[in-house]
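Read through the structure below, which is laid out as structure tokens, and then see the notes.
Numbering (the working numbering), first residue to last: 2 to 365.
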């Protein structure tokens with residue numbers, strides 16, 4: 002299925018983020034020290050923060066284009082759940098029986114096997130009976146924990162949209178809310194240094210949500226920041242340097258990273274803008290990579306160079322991601338398009354769609 006170019010770099014950035022997560026997890030599954038960009042966050046965390054920044058921008062754009070509660074919720078469901086459902090069944094009924102140390106009757110007779118299916122309603126499970134128990138890490142799929150957090154922030158955005166905070170007239174109220182939230186997370190609560198901050202990661206997702214909100218805010222002010230992007234980049238870079246000098250590195254990363262990611266994503270760079278021509282494989286890479294890495298370790302061991310292991314994982318994962326896109330995700334996306342606009346006033350219209358002329362279009 003050939004996909005037309007969307008004239009922006011978001012497909013490339015998503016693939017890059019998925020690749021960064023894959024590379025980071027290759028260290029984690031072998032219990033090797035994971036590289037730490039900026040000396041503060043892991044490589045995998047960097048990829049996740051990029052994803053949340055992009056998600057906030059694009060999902061806000063989806064609401065602004067069609068501010069209808071049921072259609073918005075249906076689009077989010079069709080983008081997330083089909084892929085999650087298939088990877089859950091593959092883990093429980095293909096990978097699990099193939100590598101479990103239990104007998105097949107023992108495996109299928111275990112309540113934990115069937116309990117794994119509660120992932121279908123976002124109750125993420127990490128182990129299957131007897132599966133990967135001889136690997137350095139026994140987790141089946143260590144990437145899925147972010148999905149419930151992202152869905153939670155979809156809900157926050159939906160509530161904000163219903164109450165009109167994404168309307169052009171209300172965007173300064175949105176700006177105030179996002180800034181106050183960031184001040185609380187990185188200043189008052191001080192997530193970097195507060196010993197109680199552990200409860201925020203990963204279950205509550207406040208830090209990741211702050212990046213999502215940053216993306217939402219950039220969508221609301223997309224014409225303005227694009228017009229003054231060089232000035233803003235300079236100001237935010239200066240702010241990041243000051244925050245880092247004051248030993249608030251998390252806040253420094255937050256100040257600058259989402260801005261640069263979304264600026265680059267909305268740009269239209271030759272070659273890079275065509276990365277989505279044949280499909281968006283980033284979600285498939287993200288949800289399959291960890292399980293593929295674990296499976297390869299279970300049959301090949303860990304006595305290989307990092308680059309050999311990550312290359313094998315990347316090739317196998319990309320193959321599964323292509324299959325997932327063409328046979329699971331793309332058909333679900335087709336259903337999204339069939340939802341139609343209809344009467345956007347019913348069930349919670351809170352905005353008038355805006356299509357900025359100065360930026361390439363974002364995707365639903």
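Glycine is no exception: its CB is placed at the ideal position from the N, C-alpha and C atoms. Since we're looking at a predicted model, the values are computed, not measured.
In angstroms, rounded to a whole number, what distance separates the CA positions of residue i and residue j?
| i | j | result |
| --- | --- | --- |
| residue 163 | residue 148 | 23 Å |
| residue 1 | residue 101 | Residue 1 cannot be examined here, being either before or after the span of the chain that is shown, 2 to 365. |
| residue 278 | residue 314 | 23 Å |
| residue 89 | residue 127 | 11 Å |
| residue 130 | residue 275 | 43 Å |
| residue 306 | residue 132 | 24 Å |
| residue 138 | residue 8 | 41 Å |
| residue 168 | residue 224 | 14 Å |
| residue 15 | residue 267 | 12 Å |
| residue 197 | residue 32 | 25 Å |
| residue 319 | residue 290 | 8 Å |
| residue 200 | residue 245 | Residue placement at residue 200 cannot be trusted, given a pLDDT of 43 that sits under 50; what the coordinates show is reported in the next sentence. In a straight line, the C-alpha of residue 200 is about 24 Å away from that of residue 245. |
| residue 63 | residue 259 | 19 Å |
| residue 213 | residue 154 | 7 Å |
| residue 248 | residue 190 | 15 Å |
| residue 92 | residue 230 | 44 Å |
| residue 157 | residue 61 | 11 Å |
| residue 170 | residue 110 | 58 Å |
| residue 1 | residue 180 | Residue 1 lies beyond the residue range present for the chain, which begins at 2 and ends at 365; the question has no answer from this structure. |
| residue 72 | residue 308 | 43 Å |
| residue 332 | residue 326 | 8 Å |
| residue 122 | residue 74 | 15 Å |
| residue 234 | residue 86 | 40 Å |
| residue 312 | residue 252 | 34 Å |
| residue 353 | residue 18 | The pLDDT assigned to residue 353 is 33, lower than 50, so where the model puts this residue is not dependable; a value taken from the coordinates is nonetheless given after this. So the two alpha carbons sit approximately 32 Å from each other. |
Quick one: is residue i buried, meaning 16 or more other Cβ sit within 10 Å of its Cβ, or exposed?
| i | result |
| --- | --- |
| residue 20 | buried |
| residue 226 | buried |
| residue 151 | buried |
| residue 76 | buried |
| residue 115 | exposed |
| residue 67 | buried |
| residue 107 | exposed |
| residue 328 | exposed |
| residue 96 | buried |
| residue 26 | buried |
| residue 271 | exposed |
| residue 243 | exposed |
| residue 281 | buried |
| residue 188 | exposed |
Would you say residue i and residue j are within 8 Å of each other, going by their C-beta atoms?
| i | j | result |
| --- | --- | --- |
| residue 283 | residue 257 | no |
| residue 215 | residue 56 | no |
| residue 286 | residue 23 | yes |
| residue 105 | residue 112 | no |
| residue 42 | residue 263 | no |
| residue 172 | residue 211 | no |
| residue 45 | residue 29 | yes |
| residue 79 | residue 336 | yes |
| residue 145 | residue 125 | yes |
| residue 166 | residue 218 | no |
| residue 273 | residue 13 | yes |
| residue 250 | residue 294 | no |
| residue 296 | residue 10 | no |
| residue 159 | residue 65 | no |
Along the chain, where does the alpha helix (DSSP H) containing residue i start, and where does it finish?
| i | result |
| --- | --- |
| residue 108 | 105-110 |
| residue 280 | It is not in any alpha helix (DSSP H) - residue 280 carries neither H nor E in the DSSP assignment. |
| residue 212 | 207-221 |
| residue 180 | 172-184 |
| residue 336 | 331-339 |
| residue 75 | 70-91 |
| residue 269 | Looking at the DSSP string, residue 269 is not in any alpha helix (DSSP H), and its letter there is neither H nor E. |
| residue 307 | 307-325 |
| residue 244 | 230-246 |
| residue 58 | 44-66 |
| residue 24 | 11-29 |
| residue 148 | 147-163 |
| residue 100 | 97-100 |
Quick test of your reading: residue i and residue j, contact by CB under 8 Å. State the CB separation rounded to the nearest angstrom.
| i | j | result |
| --- | --- | --- |
| residue 38 | residue 47 | 5 Å |
| residue 136 | residue 298 | 5 Å |
| residue 209 | residue 49 | 7 Å |
| residue 330 | residue 83 | 6 Å |
Can residue i be considered in contact with the ligand GTP, in the sense that its beta carbon sits closer than 7 Å to one or more heavy atoms?
| i | result |
| --- | --- |
| residue 257 | No copy of the ligand GTP appears in this structure; indeed no ligand is present at all. |
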